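**Student:** In the numbering used here, each residue carries its 1-based index in the sequence shown increased by 29. Glycine included, each C-beta is placed from N, C-alpha and C at the ideal position. Small disclaimer: the values here were computed from a predicted structure and weren't measured. Here's a structure for you.
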Amino acid sequence: MELTFECPNCGAVDRTKNAESANGFVCRQCGHTRSAHAGSMTEAGLVHCPFCGTEKLYVQKDFPQGLGLAIVIAGFAWATWYWYQVRPLAAYTVLLGSALLDLVLWKKVPDVTICYRCLGQMRGPDVKPIGRFHPFDLEVGETFRQERMRVAELRKKQAAGSD
Ligand SMILES: [Zn+2]
Ligand SMILES: [Zn+2]
């Protein structure tokens, strides 16, 4: 499993391959080290986030945000051009084609498992998220978002106090 994490010290994004057997995660930007939460991977798959130990994880398609939308918009623009040429059949074909392309891409791209708490992303066939983790839950996500905001605020206060 590969883990993509955000450094809690400097905010840089870094990656670690074989994150399940790593002892710790080192940020290449600032050298900040965080020890790993062992036992994140069992034979059945991933059980908790190796970065922060949270068992609350969600799955989503590893699809670049905006790509699906870009395909739809491009298809629409192209279809409009055909429409102006008074070629409705071509316009419909393009629309249908872009919708199909979207669907095929959607089915093909693998899942990425994301930690609600630290937003670490876990990728790899050994993650096996199917059935155990579910798509993003707004309520759970909001709880962790507020926690992150509180932590950020505390950090800010600490930083201001040490000046
Ligand atoms: Zn860092
Ligand atoms: Zn985490």
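Compute the Euclidean distance between the alpha carbons of C59 and V42, then round it to the nearest angstrom.
**Tutor:** Your numbering for residue 59 matches position 30 in the sequence shown. Your numbering for residue 42 matches position 13 in the sequence shown. Going by the C-alpha atoms only, they are around 11 Å apart.
**Student:** Would the segment 78-95 and the segment 105-121 be scored as touching if the rule is three or more Cβ pairs under 8 Å?
**Tutor:** Short answer: they don't touch.
**Student:** Listed in chain order, which residues are found with a beta carbon closer than 6 Å to a heavy atom of ligand 1?
**Tutor:** That gives C36, N38, C39, A41, C56, Q58, C59 and H61.
**Student:** Just to check, is the beta-carbon of G149 closer than 7 Å to a non-hydrogen atom of ligand 2?
**Tutor:** The residue given as residue 149 occupies position 120 in the sequence shown. G149: yes, Cβ under 7 Å from ligand 2.
**Student:** What runs of the beta strand (DSSP E), each 3 residues or longer, lie entirely inside the segment 105-162?
**Tutor:** Segments of the beta strand (DSSP E) lying fully in the segment 105-162: 140-144 and 150-152.
**Student:** Would you call T45 buried or exposed, if buried means 16 or more other Cβ atoms sit within 10 Å of its Cβ?
**Tutor:** As a first step, residue 45 must be located in the sequence shown, where it is residue number 16. T45 comes out buried.
**Student:** Pull up the distance between the alpha-carbon of R57 and that of L98, whole angstroms please.
**Tutor:** By one-based count along the sequence shown, residue 57 stands at place 28. By one-based count along the sequence shown, residue 98 stands at place 69. Rounded to whole angstroms, R57 to L98 spans 34 Å at the Cα level.
**Student:** Measuring CB atoms only, is the segment 113-126 touching the segment 167-177, in the sense that at least three cross pairs come out at less than 8 Å?
**Tutor:** Touching, no, given that fewer than three Cβ pairs across the two stretches are closer than 8 Å.
**Student:** With 16 as the cutoff for other CB atoms within 10 Å, does Y121 come out buried or exposed?
**Tutor:** What you label residue 121 is simply residue 92 of the sequence shown in a count that begins at 1. With fewer than 16 Cβ atoms within 10 Å of its Cβ, Y121 is classed as exposed.
**Student:** Leaving out five residues on either side along the sequence, give the residues of the same chain with a beta carbon under 8 Å from the beta carbon of A65.
**Tutor:** The count along the sequence shown starts at 1 and reaches residue 65 at position 36. Cβ within range, chain order: A48, A51, N52, G53, F54, P79 and F80.
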